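Residue numbers (the numbering used here), protein chains in the order written: chain P, 669 to 939; chain R, 2 to 292.
All residues carry an ideal CB built from backbone N, CA and C; glycine is no exception.
Remember, it's a predicted structure, so these values are computed and weren't measured experimentally.
This report concerns only the one structure given below.
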């Protein structure tokens, strides 16, 4: 667990459009997640936060544009596909994080101390032998965080990691994020609690399918931006026309600077 | 005490074909139940039933070409079963249709083809042989096959155990750390097919599933984690094999169904008396622990 200074940008988004069934959920997004960023993804429901994280994790294909990724990325989805009825102990669940080091065959016994330390970090000491099915929702989240710790990835993507979790646990987990930030890791988290974002996240991307604003949190989370995000994220148009904006191959470069949505492309169907 | 034990052992001491049957069933008892444990944990119990039908056309084709030839029918069954498993898996990964629906589609096609092939040539007796197996007529080749399948299954499970567990528990996580998820899943489906083909030698297609699933389900009432479930399921399968064969000898019953019914009886007994969530334990509600 060492700091990783002066790394290449871990994630670059180039003219990125992600979506389902040709309907964009993230629309014409350009930008760079820099090494060491602690970035909050903010936006109303349906703004494309989860879709963007899935795309960054490589779970879905881009409709247009591309995502350039450097290095290993750990990803914690919002709705995990984990089968909690499977007879697995908390120790084994957390130990899955060691895959890169232990692979399919090497024993986890050598790493037992590391697993126990990770569980202790998230406040689950003494839970090692418990079946995962007996954990509460919050405890289960903690166990997943222990697995993330063991993954030891330079880039961590979190999709609403604190939903349904009590205040003390959230404090503990935020402390963990700050520790990762201090170690030079890149953390991207989709969040709804704006107070949390303002208190802990230096940079924010405000998303409403199209990017509303991306930059220092104080500059992004203004009342005007938030109102625009709300207005933009409405309405799924079943008969949306084909987007007439430029294809991503044109590669119009944007930087972090806040830019208004639609200032770089326009829709034919301005209905 | 001596008397029932002697009558249990006597047929195996006396008759070579009974010893062969026992050896074959015990080989199957250590390989099929662990596969069944994973199937039940993945909620794919009924998938093995579908696969057992999917094997039929291959075995029938082998039978049509070479008669009652073990290698031909085994090869045909393996090809048909693997084809259905791989096609269903591939279509599932390429489209939005779920795996159970794809399996249902492919196994129905396969089964209909099999019935057609069987009816083209062959009498009712041949069909009965297909469906109920011939555990009392295992020759050397069949025993070698069962032993080979058993060895292969245990070795393969040892190799893919950790990724297979991860694939069962959290497939998305496995996808993010490794590309092995797909191959592991297909390898597991192949093990299901191989064991069903082995079981169809001993027990017939309809009952091959029995020795795979009944012990696995029964084990859930005795053990909590995989380290317990797998050995318990093997033990239950072995007991069912011995009991089923003895009963079939003593009362002149068809051996395949006798073995599966013995496994079924063990399942019912486990469900009633098992220490983990058995029905009788539920009735006895013990005083709860301190918070």
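Query, Result
"DSSP-derived helix/strand/coil call for residue 691 of chain P", "strand"
"Beta-carbon proximity of residue 856 of chain P to residue 748 of chain P, cut-off 9 Å", "no"
"Length of the line joining the Cα atoms of residue 743 of chain P and residue 84 of chain R", "34 Å"
"Whole-number beta carbon distance between residue 178 of chain R and residue 767 of chain P, since they are thought to touch under 8 Å", "5 Å"
"Other residues of its chain near residue 770 of chain P: CB distance less than 7 Å, five sequence neighbours each side excluded", "776 and 779"
"Distance CB(residue 250 of chain R)-CB(residue 242 of chain R) smaller than 9 Å", "no"
"Cβ distance (whole Å) where residue 811 of chain P is taken to contact residue 867 of chain P below 8 Å", "Actually they do not touch by this definition, with Cβ atoms about 25 Å apart."
"9 Å Cβ cutoff, residue 848 of chain P in contact with chain R", "no"
"Spatial distance of residue 78 of chain R from residue 165 of chain R (CA atoms)", "24 Å"
"Span separating the alpha-carbon of residue 818 of chain P from that of residue 35 of chain R", "30 Å"
"The region 846-866 of chain P / the region 821-832 of chain P touching (three or more Cβ pairs under 8 Å)", "yes"
"Beta-carbon gap between residue 703 of chain P and residue 885 of chain P smaller than 9 Å", "no"
"Backbone CA spacing between residue 813 of chain P and residue 279 of chain R [nearest angstrom]", "35 Å"
"The region 42-50 of chain R contacting the region 261-275 of chain R, beta-carbon criterion three pairs below 8 Å", "no"
"Bounding residues of the beta strand (DSSP E) (the contiguous stretch that carries residue 942 of chain P)", "Residue 942 of chain P lies beyond the range of chain P shown here (669 to 939); nothing can be said about it."
"Limits of the unbroken beta strand (DSSP E) element including residue 248 of chain R", "Careful: residue 248 of chain R lies outside any beta strand (DSSP E), inside the alpha helix (DSSP H) at 227-251."
"Residue burial classification, residue 711 of chain P (beta-carbon count within 10 angstroms, cutoff 16)", "buried"
"Coil, strand or helix - residue 736 of chain P by DSSP", "strand"
"Near-chain P residues of the region 36-64 of chain R - C-beta to any C-beta below 7 Å", "42"
"C-alpha distance - residue 13 of chain R paired with residue 143 of chain R, whole-angstrom precision", "18 Å"
"Contact test: residue 801 of chain P Cβ vs the ligand ADP heavy atom, cutoff 8 Å", "Inclusion of the ligand ADP in the displayed structure is not the case, the ligand content being empty and no account of it being possible."
"Chain P contacts made by the region 260-275 of chain R, where a contact means CB separation under 9 Å", "none"
"Close beta carbons around residue 40 of chain R, own chain, < 6 Å, minus the five adjacent residues each side", "46 and 49"
"Test: residue 94 of chain R CB closer than 9 Å to a CB of chain P", "no"
"Short Cβ contact (9 Å threshold) for residue 24 of chain R with residue 147 of chain R", "yes"
"Segments of 4+ residues assigned as alpha helix (DSSP H) that fall wholly inside the region 77-159 of chain R", "100-121 and 125-133"
"C-alpha distance - residue 917 of chain P paired with residue 156 of chain R, whole-angstrom precision", "Note that residue 917 of chain P scores a pLDDT of 47, beneath 50, so its modelled location is shaky and nothing firm can be said."
"Classification of residue 848 of chain P by the beta-carbon crowding that lies within 10 angstroms, buried from 16 upward", "buried"
"Inter-residue spacing [alpha-carbon to alpha-carbon] between residue 64 of chain R and residue 680 of chain P", "59 Å"
"According to DSSP, residues forming a beta bridge with residue 882 of chain P", "P:873"
"Alpha-carbon to alpha-carbon, residue 30 of chain R and residue 272 of chain R", "20 Å"
"Three-state secondary structure (DSSP) of residue 745 of chain P", "coil"
"Neighbour list for residue 213 of chain R in chain P, Cβ cutoff strictly below 9 Å", "Those within 9 Å of residue 213 of chain R in chain P number zero; the least Cβ separation is about 19 Å."
"Partners in chain P for residue 230 of chain R, counting only beta-carbon separations shorter than 8 Å", "755"
"Residue 696 of chain P in three-state terms, based on DSSP", "strand"
"First and last residue of the uninterrupted beta strand (DSSP E) at residue 818 of chain P", "Not the beta strand (DSSP E): residue 818 of chain P falls in the alpha helix (DSSP H), residues 805-819."
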